[in-house]
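Position 49 of the sequence shown, counted from 1, bears residue number 49 in the UniProt record's numbering, the numbering being contiguous throughout.
The beta-carbon is built from N, C-alpha and C at its ideal position, and this holds for glycine as well.
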Amino acid sequence: QSETSDKSSGESDSETEVEQVSVYHKLLATLKTSPESESEEEEDESESEEAGESETEVGSEGSQELGEADGGAEDKNDAPAQEEATDTGEQTVGQEQADGPDTSCDPSHGVIEEFTDVKHESEFSLETNFMEEESGDCNADKRDSNSSQAFSEDPFKQHMNKELEEKEVEKMSTLPKTSSQSKWPRLGQLTFSSTLEKDKTLKADKEVDVKQLYLHKPLETTWPKVNKQFLSSVNKPSDPSFTPLQRELFFIMNTYRDLFYPERNALTNGEEIRHAYCLHALNHVLKANAQVLSNNAKRRDQKPGTDNDDYRDQGLTRPKVLMIVPFRECALRIVHIFISLLEVNDKRKIDVSNKKRFKGEFGSDPEEKPPNLKRPEDYEAVFAGNIDDHFRIGVAILQKSMRLYAPFYSSDIIIASPLGMRTIIGAEGEKKRDFDFLSSIEILIIDQADIYLMQNWEHVLHLMKHINLLPLDSHGVDFSRVRMLNLNNWSKYYRQTLLFSALQDPQINSVFNKHCFNYVGQVAVRNVPLSGSISHVVVQLPHVFRRLEAENLTSVIDTRFQFFVEKVLPEYRDAIMSHTLIYVPSYFDYVRLRNYFKKEDLNFTHICEYTKKAAVCRARRSFLKGEKHFLLFTERFHFYKRYTIKGIRNLIFYELPTYSHFYSEICNMMKATDNGVDATWTCTVLYSKYDAQKLAAVVGIDRTAQMLQSKKNVHLFVTGEN
């Protein structure tokens, strides 16, 4: 059962006993602390954190087939997925009712004291504060409420105040969406889909006046300053506050449509995008809270016995925005952006409670990282700072102050990793689990979705199943203030989902298509890769693409295995084909192949994300020297380590890589072999018609179309020719 499958990643590959927590944390720390040796094992140095992230996630992958995966030199450093939380009480943060222990983890892990700040409850309570206390915006809100024009045009009010009818909800749950295409200057090809708003496409504004965006104070003033770092002289004076990418993204966000943007790049546009969605999230929260505070004042001043139905301005629980990010460093950056967006100037600093503690737990020491650790730029960008992936923190915001570590039911924004969410949501049958705080989420932001494919995608699916459900408890809500949409259990139709990823992937597409129900509709960026990463292969190499025919998607896994064992492997068994690296994206497939190789008594070695440092060194050395004919190599190991494997003469891609640039990266490792004989190098790739997206990312869209339509099952491309 997928929901419980990650209770112990230790189940995922029963090769050795689970490591102790303290050892796990030592391993996690080594990415930043251990010195690097320059010996033959060159890059094995500080990496003994053994994919600090991946141990926490691979759990769900191994629970079915992997009972057979015993023996082998590989050691699992993956303490059970939730064990990260047990290191110290403050490791996991910002939990729900501030009642201390969170035992939603595996019972054997003991009780965790989860720190939440309950002292400032009344100070940050929406129920007991009034608009006047929020100096500077009292008038703005009154202006808004007095002006019917402002009321009708503010996208927040337009979206939240629309009352859906039963028949519209029925339409959304039964009818298919209609879609239309549009091309925008910066985003490119967009697909708009909706059930209610047929054939309605947006046109990109060439210029945006900040004043027309209905930004809540003080964002109108602070945004241009905060965003200045991304602006260049290219920006027209008429648009001084957004980059071209931000302008188009924010324009879509501000219409409250769902958005899928699969071209996020940690090196180039990642921070630009982060700033844009932080602006949108904060704008939403400030408007929602201002509405509540303004209505508090009106209710206080009204005559007794007056009808209260005008003041429905909140959800069943307070959290409005959920931000899912992969590492603590991402949460740190988001909070810093929030703080800078709320500080009008140096004299008017906002009061941030628990800031010191937050910096201690989410920050990192730049001196801890070995200076001579050489990795590709994109790796450095993704794994910057504190890369612990088990955290959650509640943030409460009022105009002049921000409270970190707010209990979830007193938070406006929750920032968490998928694993952090998974351990609090828990699984069916667990005594201590909680997901009521997800009942009234109005904006869900999932950033860097591709990294969760390398962590544990099950956690993302588990979250999507538990968001916007009716709460099991009332949590002290005043039902006279709850919006009808929440009481009708229609929250999911109003929730906006913003999904950012570095790549197109069927699993990510599926979340966007099957778990997003926004009544305004969806916008997905759908650009096709023209050249593909094969164009970056610099070695002279024949690439043989072999198509396997599978009847349906579920049969692909078995068909691939049979095809490999019967048609591909026999060609590589000959001694002349030694030094063969087999690249395996799925951990399931890796275990299956490893067991088959053992059964057939083939001369092979293997490296996966759980292999201990010493075993990695041995495997690399024996492969380089030709003592081992085959090397089984997992994609996750490459994602978390990025070692250069020397001695490759023959490459087999058991499946196309998730990240297209890994294809050229692995191929180019061949040039690391000093005495390689170019003429004998080979590269074989297995693919099926279900791999169209991955194939296009590697060979380009035109070749993909030809390969999938052709009757030929084998296609040859040669790279590196003069």
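Between residue i and the rest of its own chain, which residues show a CB-CB distance below 6 angstroms, the 5 nearest in sequence each way excluded?
i: Phe435; result: Ile425, His466
i: Pro244; result: Arg186
i: Phe653; result: Tyr583, Val685
i: Leu286; result: His216
i: Arg328; result: Phe362, Asn386, Asp388, Phe391
i: Thr497; result: Asp258, Leu444, Cys516
i: Phe637; result: Ile607, Cys608, Glu609
Less than 8 angstroms between C-beta atoms, sequence neighbours within five positions excluded: which residues of the same chain meet that for residue i?
i: Ala692; result: Thr704, Leu708
i: Leu716; result: Pro542, His543, Val544, Phe545
i: Ala281; result: Val321, Met323, Ile413, Ile443, Ile445
i: Lys26; result: Unreliable positioning characterises Lys26 in this predicted model, as indicated by a pLDDT of 44, which lies under 50. A coordinate reading is not provided.
Under the rule that 16 or more other beta-carbon atoms within 10 Å means buried, what is residue i, buried or exposed?
i: Ser108; result: Any answer about Ser108 is weak, because its pLDDT of 34 lies below 50 and its placement is not dependable; what the coordinates show is given next. Exposed, because fewer than 16 other Cβ atoms sit within 10 Å of the Cβ of Ser108.
i: Gly420; result: buried
i: Asp630; result: Note that residue 630 is Phe in the sequence shown here, rather than Asp. When all chains shown are included, Phe630 counts as buried.
i: Met454; result: buried
i: Val718; result: exposed
i: Asp154; result: buried
i: Val714; result: exposed
i: Thr116; result: buried
i: Ala502; result: buried
i: Gly521; result: buried
i: Glu163; result: exposed
i: Gly360; result: exposed
i: Gln246; result: buried
Specify the secondary structure class of residue i as computed by DSSP and reduced to three states.
i: Gln504; result: coil
i: Ala406; result: coil
i: Leu548; result: coil
i: Gly647; result: coil
i: Trp681; result: coil
i: Gln158; result: helix
i: Gly59; result: At Gly59, the pLDDT of 38 sits below 50, so the modelled position is not reliable and the matter cannot be decided from this model.
i: Gln496; result: strand
i: Ala705; result: helix
i: Leu190; result: strand
i: Phe564; result: helix
i: His475; result: coil
i: Phe383; result: coil
i: Ile425; result: helix
i: Ser417; result: coil
i: Arg573; result: coil
i: Phe653; result: strand
i: Val718; result: strand
Taking the straight line between their C-alpha atoms, what separation do you get for residue i and residue j?
i: Met669; j: Glu609; result: 19 angstroms
i: Leu190; j: Glu263; result: 13 angstroms
i: His536; j: Trp681; result: 17 angstroms
i: Tyr256; j: Ser474; result: 28 angstroms
i: Arg649; j: Met172; result: 54 angstroms
i: residue 724; j: Ile413; result: Missing from the structure shown is residue 724; the chain here goes from 1 to 722 and no further.
i: Lys320; j: Ser193; result: 24 angstroms
i: Leu624; j: Phe408; result: 53 angstroms
i: Asp574; j: Glu627; result: 14 angstroms
i: Ser664; j: Val528; result: 18 angstroms
i: Pro570; j: Thr605; result: 18 angstroms
i: Asp505; j: Ile441; result: 25 angstroms
i: Lys598; j: Ala619; result: 15 angstroms
i: Ala341; j: His459; result: Here the sequence assigns Leu to residue 341, which means Ala is not the residue at that position. Roughly 31 angstroms between the two C-alpha positions.
i: Ala406; j: Arg433; result: 18 angstroms
Thinking just about the alpha-carbon of each residue, which of the options is nearest to the one in residue i?
i: Ser364; options: Lys374, Lys349, Gly385, Lys347; result: Gly385
i: Gln507; options: Trp457, Asp412, Val344, Phe230; result: Trp457
i: Ala381; options: Gln181, Gly647, Leu267; result: Leu267
i: Ser241; options: Leu553, Leu215, Asp558, Leu398; result: Leu215
i: Phe500; options: His515, Cys683, Ser660, Tyr277; result: Tyr277
i: Lys225; options: Asn518, Ser122, Leu279; result: Leu279
i: Ser122; options: Leu342, Glu271, Ser411; result: Ser411
i: Asn295; options: Asn129, Arg274, Arg333; result: Asn129
i: Gln158; options: Ala331, Pro471, Ala288, Asp478; result: Ala288
i: Pro376; options: Tyr640, Glu635, Thr658; result: Tyr640
Who are the near neighbours of residue i in its chain, counting only those whose CB is closer than 7 angstroms to its CB and skipping five residues on each side?
i: Val169; result: Trp490, Tyr493
i: Arg481; result: Tyr311, Arg312, Asp313, Gln314
i: Val344; result: Pro218, Thr221, Thr222
i: Phe563; result: Leu548, Leu686
i: Leu530; result: Gly700, Ile701
Of all the CB atoms in chain B, is at least one closer than 8 angstroms to the CB of residue i?
i: Asn513; result: The displayed structure is made up of one protein chain only, and chain B is not part of it.
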